[in-house]
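Residue numbers (the numbering used here), protein chains in the order written: chain A, 741 to 1161; chain B, 741 to 1161.
No residue lacks a Cβ here, since even glycine has one placed at the ideal position from N, Cα and C.
Here is the structure we will look at, set down as structure tokens.
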């Protein structure tokens, strides 16, 4: 078979197990743990349904959790953790392990106490209760939410060793809520006159308020005032009871515990959109209004936290791709650091501005690999290399790094975050 | 405005709140709790990211859980609980509140100890470890899983008062796994000769083993050997580490803790497919091989557990529709017990054999309503009334009740499970 091990070849050994040998065990001399274990599973009843009215992952998966990086998180004032994307598959991110980024911590706000004010250049300033919001026509969509600082530590080269830490400030959920345009029209936009050049300023009920300006055109397009994620209420750390969903745009705009939307004739130029969330260029000037998250991808397995645990032969390379401009149309994968590329198989086609899963099924010959993935979206945009980004923006940037990521895989299957030129 | 209250009308009162009156409070005399509450939220930092490495719903949502019905669950031997569909929106069901049905309880099985045997009429009987399964090409799809007994208590008329209990034995998740056909072909199907008329017998590692026969045609079609649900590992109660996903077919076939797949030249006629999961007709004969779950729908809000909490005016009627035969193409809703029907707005188009959310936005005049929904799928099939089902099958059945459900709404907005003819 041209020196390649086939899946059949790999698994034939398994057949012997019917004679009681565990492929998992080091030598055939060891007794198969199944001999006793199976008896246990089959001889006694398991847990009843009253045990977990609301379930959590099984104890054996206790390592699949949000993780934080000490030197990044001083405290609630500025706290970050990361989605364990190296251990997930498919496209949906469970709320329980979806990354968090708070500017003054996650607050606890009851539906009964919740209010949303719409004021400024509107005919009738309004304050909505949570119950009011539930009376407007709702929509349901799947969108990714990526922090603008995701992969930011990589500008200066390979830093954090793991997809969870380099690319884990992203999650992808099915949101249900009321379009912001519906609420703006309810308050009456005639007072704003010509809507061209108008803005909305959105802020949260937390201490940071995290105020941001959004052009009216986007506010009237696909922005959602959301109260459900993946079918259920938003979790406290995701803005319960109401957060803003700004499809395709940087996560900082997705204001949690949404408190107020003011219609203005100019941007506020708040702290969060001037000293923060802008990209400082080589000459010291700042790139501003960089809202849209460009096409990007990352291989989640194999990766530093998800090494190859078997020898040569069949190997599934899998990862995630996304674009704030729409749908992912193609993802290429290289195993030799970009010398040759193969087009990956897209999993279930993700929605526009949502994560798309990709797979490349290969026969690994056991030699070293330099793994990279390169995403393309429906606008024809191609994910750039880190060097191309540095050429355009210098090395002072922190935000909006959508450069191609490289994992070095050694002959043992261990993976490492490296940078190649 | 033709006597109708507009959304604007409803919410104008809200505007006054900017002067400190809470629409939520009983009278204008009461102080607005916000005056102090807001200060608290804005003056102190909230929880840091280390608080919940794996998050749970906020305390205020503690009623949105799986619930069980005492007289239905004697113990782990036969236990059932129900998804709180009355409180969810969108289409995805979080694993934590997705219904459970166990025949001998949920067992705890480590990936290291997991084995899947494929034997019978195959060239090479194989035993796969969990690590082996991860080396085959994977697919990701969203599918609903409905217990054949869902709504079964309604054959004799309105029984349980709540959508969670009448229709909650269903969930909808994004599954990732290996197509069963891939593993069958790995073991070699030539030994089975002509595949027409061949079957696979699937069983789980739990005490019940829950053995079921599946025609080869379906086994080679869209059946998945799944290890991820909604992106993460299957929960213990959903078959960790591996369960069978049989799209569109009754939940009992979705064997959890999948242990063995045997290729046979005839169905086994096991307990689970003879004395159970067959429908006893009027003449005492049994309808067998009723695998596919026909088109069905239910209004989740308003419903007995989700009453209307506001007066006349704008009201969002929402529910779920699904079909084991493919996509939902249309859902009609009536507010007068079937005298007149309106076509509902479909939310994000669900995938084939997955839940589809529907909405009907109306102006409620405050009078009583008899709410029903009627689903249609891509085969042209129309969801029948309970009476039509009884006409065809008599009243001895327990399983496969996809009849139209009726909620009576009184002028106060309270809902009740009723039956009309």
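Starting from the beta carbon of residue i, find every residue of chain B whose beta carbon is closer than 8 Å, and list them in chain order.
{"i": "residue 950 of chain A", "result": "Per Cβ cutoff of 8 Å: no residues; residue 950 of chain A is ~12 Å from chain B at best."}
{"i": "residue 831 of chain A", "result": "880, 914, 971"}
{"i": "residue 834 of chain A", "result": "834, 835, 970, 971, 972"}
{"i": "residue 1056 of chain A", "result": "874, 875, 876, 877, 878"}
How would you list, in chain order, the residues of chain B whose beta-carbon sits under 9 Å from the beta-carbon of residue i?
{"i": "residue 1065 of chain A", "result": "Chain B residues near residue 1065 of chain A: none, gap ~20 Å exceeds 9 Å."}
{"i": "residue 837 of chain A", "result": "793, 794, 795, 971, 972"}
{"i": "residue 1206 of chain A", "result": "This structure does not reach residue 1206 of chain A, given that chain A is present from 741 up to 1161, and the question cannot be answered."}
Report all residues from its chain with a CB closer than 6 Å to the CB of residue i; omit the five preceding and five following residues, and keep chain order.
{"i": "residue 774 of chain A", "result": "Annotation note: pLDDT 49 at residue 774 of chain A (below 50); position unreliable, coordinate value reported separately. So no residue of the chain qualifies."}
{"i": "residue 766 of chain B", "result": "For residue 766 of chain B, the pLDDT reaches just 35, beneath the cut-off of 50, and the residue's location in the model is therefore unreliable, leaving the point undetermined."}
{"i": "residue 831 of chain A", "result": "912, 1090, 1095, 1097"}
{"i": "residue 926 of chain A", "result": "none"}
{"i": "residue 991 of chain A", "result": "885, 886, 887"}
How should residue i be labelled, buried or exposed, when 16 other C-beta atoms within 10 angstroms of its C-beta is the threshold for buried?
{"i": "residue 1061 of chain A", "result": "buried"}
{"i": "residue 1116 of chain A", "result": "buried"}
{"i": "residue 1028 of chain B", "result": "exposed"}
{"i": "residue 853 of chain A", "result": "buried"}
{"i": "residue 783 of chain A", "result": "exposed"}
{"i": "residue 937 of chain B", "result": "exposed"}
{"i": "residue 1002 of chain B", "result": "buried"}
{"i": "residue 1006 of chain B", "result": "exposed"}
{"i": "residue 1120 of chain A", "result": "exposed"}
{"i": "residue 896 of chain B", "result": "exposed"}
{"i": "residue 1019 of chain B", "result": "buried"}
What three-state label does DSSP hand residue i in the structure shown?
{"i": "residue 1116 of chain A", "result": "strand"}
{"i": "residue 923 of chain B", "result": "helix"}
{"i": "residue 1141 of chain A", "result": "coil"}
{"i": "residue 856 of chain A", "result": "strand"}
{"i": "residue 1109 of chain B", "result": "strand"}
{"i": "residue 851 of chain A", "result": "helix"}
{"i": "residue 842 of chain A", "result": "strand"}
{"i": "residue 900 of chain B", "result": "coil"}
{"i": "residue 996 of chain B", "result": "coil"}
{"i": "residue 786 of chain B", "result": "coil"}
{"i": "residue 1031 of chain A", "result": "coil"}
{"i": "residue 836 of chain A", "result": "helix"}
{"i": "residue 915 of chain B", "result": "strand"}
Work out the CA separation of residue j and residue i for me, nearest whole Å.
{"i": "residue 980 of chain A", "j": "residue 834 of chain A", "result": "15 Å"}
{"i": "residue 1160 of chain B", "j": "residue 898 of chain B", "result": "9 Å"}
{"i": "residue 1108 of chain A", "j": "residue 1077 of chain A", "result": "11 Å"}
{"i": "residue 912 of chain B", "j": "residue 859 of chain B", "result": "31 Å"}
{"i": "residue 961 of chain A", "j": "residue 987 of chain B", "result": "35 Å"}
{"i": "residue 941 of chain A", "j": "residue 1137 of chain B", "result": "58 Å"}
{"i": "residue 839 of chain B", "j": "residue 886 of chain B", "result": "9 Å"}
{"i": "residue 1123 of chain A", "j": "residue 1112 of chain A", "result": "11 Å"}
{"i": "residue 892 of chain A", "j": "residue 1086 of chain B", "result": "40 Å"}
{"i": "residue 1010 of chain B", "j": "residue 820 of chain A", "result": "53 Å"}
{"i": "residue 870 of chain A", "j": "residue 1114 of chain A", "result": "42 Å"}
{"i": "residue 919 of chain A", "j": "residue 968 of chain A", "result": "13 Å"}
{"i": "residue 1024 of chain B", "j": "residue 955 of chain B", "result": "26 Å"}
{"i": "residue 944 of chain B", "j": "residue 953 of chain B", "result": "13 Å"}
{"i": "residue 786 of chain A", "j": "residue 1004 of chain B", "result": "29 Å"}
{"i": "residue 793 of chain A", "j": "residue 973 of chain B", "result": "19 Å"}
{"i": "residue 1157 of chain B", "j": "residue 903 of chain A", "result": "50 Å"}
{"i": "residue 1046 of chain A", "j": "residue 826 of chain A", "result": "6 Å"}
{"i": "residue 867 of chain B", "j": "residue 978 of chain A", "result": "43 Å"}
Which residues in the same chain have their Cβ closer than 7 Å to the Cβ of residue i, if we skip the five residues on either side of it in sequence?
{"i": "residue 931 of chain B", "result": "861, 862, 863"}
{"i": "residue 905 of chain A", "result": "809, 822"}
{"i": "residue 1021 of chain B", "result": "1027, 1133, 1134, 1136"}
{"i": "residue 1080 of chain B", "result": "1074"}
{"i": "residue 890 of chain A", "result": "907, 909, 910"}
{"i": "residue 1151 of chain A", "result": "1106, 1107, 1108"}
{"i": "residue 1032 of chain B", "result": "988, 989, 1064, 1065"}
{"i": "residue 995 of chain A", "result": "942, 943, 944, 950, 952, 983, 984"}
Counting only the same chain and skipping the five closest in sequence on each side, list residues whose C-beta sits under 8 Å from that of residue i.
{"i": "residue 1055 of chain A", "result": "1042, 1048, 1101, 1102, 1103, 1104"}
{"i": "residue 999 of chain B", "result": "855, 856, 857, 943, 944, 945, 949"}
At 7 Å on the CB atoms, spell out the chain A contacts of residue i, in chain order.
{"i": "residue 1231 of chain B", "result": "Outside the displayed range of chain B (741 to 1161) lies residue 1231 of chain B, so it cannot be described from this structure."}
{"i": "residue 1101 of chain B", "result": "877"}
Check the Cβ of residue i against every Cβ in chain A and list those closer than 9 Å, keeping chain order.
{"i": "residue 1094 of chain B", "result": "The premise fails here: residue 1094 of chain B is roughly 11 Å from chain A at the closest Cβ pair, so nothing lies under 9 Å."}
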